[in-house]
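Student: Before I ask anything, here is the structure I am working with.
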Amino acid sequence: MTDNEKKGKSSLDINRRDFLRHASVGLMVCATTPLSGGSATAGEAKSKPANALRTPNTVKSAVSKNNGKADLLILGNIITMNEHKPFAEAVAVKGDKILYVGASEVAKKLCDKHTKRYDYGKNSVYPGFLESHCHPGGAGSRMTLMQPLDPNASLEECVLVMKKYMEAHPEKKILQGQGFEERDVKPHHGMLDAICPDKIMICTDSGGHSMWLNGKAMEAYGINKQAVDKWGTECVRVDENGRPTGYISEGPVFYIREQTSNTLDEMKLALSAWQDYALSRGYTASYNAGVELISSFLSPRHIMRWKRKDGSNIIRMQAV
């Protein structure tokens with residue numbers, strides 16, 4: 429931990445989730461020293477009040493409009509993401525509104541004795557983190573549409589979990605789990621057939637590139653000798669007699685995923701759950717890699733917007 433980090437930590441004790449909850453504006457702390465290479469520091473910003481995103485003339489109207497003083501004052505090396513005014517010293521917040529971003533002296537005039545103050549010194553404060561490569565649809569589906577499996581559990585333990593899941597959801601025609609890891613025991617369709625011989629059961633590994641199928645799933649999606657000829661034994665595992673075991677990777681996995689694509693309503697549910705998870709950890713935007721695997725409703729460069737039933741949390745997603 430750097431000296432600056434220690435200084436920032438000594439001035440307050442707050443984790444990232446608490447910071448989001450208190451600020452309610454999507455700001456997030458990243459405990460780093462100010463950017464080098466000619467970038468302005470928080471100290472230098474004092475001599476450049478023109479960099480404020482709101483000028484002192486707007487402070488009075490901001491307070492009046494929001495009926496009082498700021499609930500929260502954040503001090504630090506504020507990275508605004510505004511190319512014309514990239515740095516500031518302070519952010520003043522009331523409720524879910526940002527009252528002011530700019531010089532600390534001006535921001536402090538918006539505060540009173542009830543305002544919570546978090547001083548991060550020379551450490552940087554960002555308006556959110558960007559996830560450059562992730563799979564929100566898959567993660568959200570695991571949260572809402574699949575049975576999570578513990579990657580540290582044995583395959584036998586995973587079978588028991590799937591059995592309970594099947595018993596709890598008799599309405600499901602396709603039963604899916606995700607999270608198992610292959611270790612000493614190799615996945616085999618017979619293990620799943622013992623608990624689920626008459627419905628499709630699919631378990632995806634923790635990395636999302638391998639699947640463990642029961643006999644019904646193998647039959648439904650053509651995991652047979654022809655599949656071995658098409659994808660090879662590295663992708664379709666076989667036993668000593670050359671028969672598929674129900675353990676597959678890569679090509680046939682993505683083929684099956686296309687056949688089990690989520691409906692639009694299921695996709696909304698999954699992505700809403702993932703969004704809650706991401707926002708709770710400070711991520712405000714992400715690149716959704718492989719979005720075509722989520723649902724047939726999405727095509728490349730397709731943009732979707734929707735609101736939840738309560739009108740909250742608009743999700744905007746662009747598939748590329």
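Using our numbering, you'd call the opening residue of the sequence shown number 429 and step up by one each time. Cβ coordinates follow ideal geometry from the N, Cα and C atoms, glycine included.
(1) Given this structure, state the Cα-to-Cα distance separating glycine 566 from leucine 558, to the nearest angstrom.
(2) If I measure Cβ to Cβ from serine 638 and keep anything under 6 angstroms in the same chain, skipping five residues before and after, which residues do I get?
(3) Taking 8 angstroms as the threshold, find out whether the region 568-576 comes into contact with the region 544-555 through three or more Cβ pairs.
(4) Quick one: what's got a C-beta closer than 8 angstroms to valine 587's C-beta in the same chain, skipping five residues either side?
(5) Please return the same chain residues whose Cβ sits closer than 6 angstroms to the Cβ of alanine 520, not counting the five positions on each side in sequence.
(6) Just tell me which of Tyr683, Asn652, Arg611 has its CA closest to the CA of proline 672.
(7) Would the region 601-610 count as touching the region 630-637 if we require 3 or more Cβ pairs under 8 angstroms?
(8) Among the candidates Ile602, Lys544, Asn510, His512, whose CA atom is the shortest distance from the CA of leucine 503?
(9) The alpha helix (DSSP H) with serine 700 in it runs from where to where?
(10) Three-state secondary structure (DSSP) at proline 615?
(11) So the alpha helix (DSSP H) leucine 588 belongs to, where does it begin and stop?
(12) Does the distance from the C-beta atom of glycine 496 to that of lysine 522 stay below 8 angstroms?
(13) Compare the beta carbon distance of tyrosine 675 and histidine 616 with 8 angstroms and say whether it is the shorter of the two.
(14) Quick check: what's the CA-CA separation for tyrosine 683 versus glycine 568?
(15) Just list the residues that DSSP pairs phenylalanine 515 with in beta bridges.
(16) How would you label proline 564, buried or exposed, when you count the other beta carbons within 10 angstroms and need 16 or more for buried?
(17) Taking only runs that begin and end inside the region 601-653, name each unbroken beta strand (DSSP E) of 3 or more residues, in chain order.
(18) So, alanine 655 versus valine 664, is the Cβ gap smaller than 8 angstroms?
(19) Count the other C-beta atoms from every protein chain shown that fall within 10 angstroms of the C-beta of glycine 650, then say buried if there are 16 or more, exposed otherwise.
(20) Taking the alpha-carbon of alanine 518 as reference, which of Asn510, Tyr593, Glu533, Gly710 has the nearest alpha-carbon?
(21) Quick one: Cα of isoleucine 648 to Cα of asparagine 642, how far?
(22) In the DSSP output, which residue or residues are listed as bridge partners for valine 656?
(23) Below 8 angstroms between beta carbons: does that hold for threonine 688 and isoleucine 602?
(24) Among the candidates Arg611, Lys614, Met646, Asp612, whose CA atom is the shortest distance from the CA of proline 625?
(25) Any idea which residues DSSP pairs alanine 520 with across the strands?
(26) Taking just the CA atoms, how far does asparagine 510 sit from tryptophan 702?
(27) Mapping DSSP to helix, strand and coil, what is glutamate 533?
(28) In whole angstroms, give me the CA-to-CA distance for phenylalanine 515 and aspartate 657.
(29) As an exercise, report each continuous alpha helix (DSSP H) stretch of at least 4 residues that is fully enclosed by the region 534-584, in chain order.
(30) So who's on the other strand from serine 677, going by DSSP bridges?
(31) By how many angstroms is the C-alpha of glycine 710 removed from the C-alpha of isoleucine 506?
(32) Helix, strand or coil: which one does DSSP assign to asparagine 669?
Tutor: In brief:
(1) Taking the straight line joining both Cα atoms gives about 18 angstroms.
(2) The beta carbon of serine 638 lies closer than 6 angstroms to those of Ser677 in the same chain, with the five residues before and after it left out.
(3) No, the region 568-576 is not in contact with the region 544-555.
(4) Contacts found: Met619, Leu620, Ala622, Ile623.
(5) Excluding five sequence positions before and after alanine 520, the CB atoms of its chain that fall closer than 6 angstroms to its own CB belong to Ala498, Leu501, Leu527, Tyr528, Ala535, Leu538, given in chain order.
(6) It is Asn652.
(7) Contact between the region 601-610 and the region 630-637 is established, with three or more Cβ pairs separated by less than 8 angstroms.
(8) Lys544 is the residue among Ile602, Lys544, Asn510, His512 whose C-alpha sits nearest the C-alpha of leucine 503.
(9) Where serine 700 is concerned, the enclosing alpha helix (DSSP H) starts and stops at 692-708.
(10) It is coil, neither helix nor strand.
(11) Looking at the DSSP string, the run of the alpha helix (DSSP H) that includes leucine 588 is 583-596.
(12) It is a contact, given that the beta carbons lie within the stated cut-off.
(13) Closer than 8 angstroms, so yes.
(14) When rounded, the distance between both Cα atoms is 20 angstroms.
(15) Ile507, per the DSSP bridge assignment.
(16) Under this definition proline 564 is a buried residue.
(17) Considered as a whole, the region 601-653 harbours 602-608, 628-633, 638-641 as its complete beta strand (DSSP E) runs of no fewer than 3 residues, in chain order.
(18) Yes; because the gap between Cβ atoms is below 8 angstroms, this pair is in contact.
(19) Exposed, since its Cβ has fewer than 16 Cβ neighbours within 10 Å.
(20) Of Asn510, Tyr593, Glu533, Gly710, the residue nearest in Cα terms is Glu533.
(21) Note on identity: in this sequence residue 648 is alanine, with isoleucine being the wrong assignment. Whole-angstrom Cα-Cα distance: 10 angstroms.
(22) According to the DSSP secondary-structure assignment, valine 656 is paired through a beta bridge with no residue.
(23) Yes, Cβ-Cβ distance for threonine 688 and isoleucine 602 is below 8 angstroms.
(24) Proline 625 has its Cα closest to that of Met646, out of Arg611, Lys614, Met646, Asp612.
(25) The partner list for alanine 520 (beta bridge, DSSP) reads Leu501, Tyr528.
(26) Take the alpha-carbon of tryptophan 702 and the one of asparagine 510: they are about 28 angstroms apart.
(27) Reduced to three states, the DSSP call for glutamate 533 is helix.
(28) The straight-line gap from Cα to Cα measures roughly 60 angstroms.
(29) Runs of the alpha helix (DSSP H) lying entirely within the region 534-584, each at least 4 residues long, are 564-572 in chain order.
(30) Looking at the DSSP assignment, serine 677 forms a beta bridge with Ser638.
(31) Those two C-alpha atoms are separated by around 15 angstroms.
(32) In this structure, asparagine 669 counts as coil in the three-state DSSP scheme.
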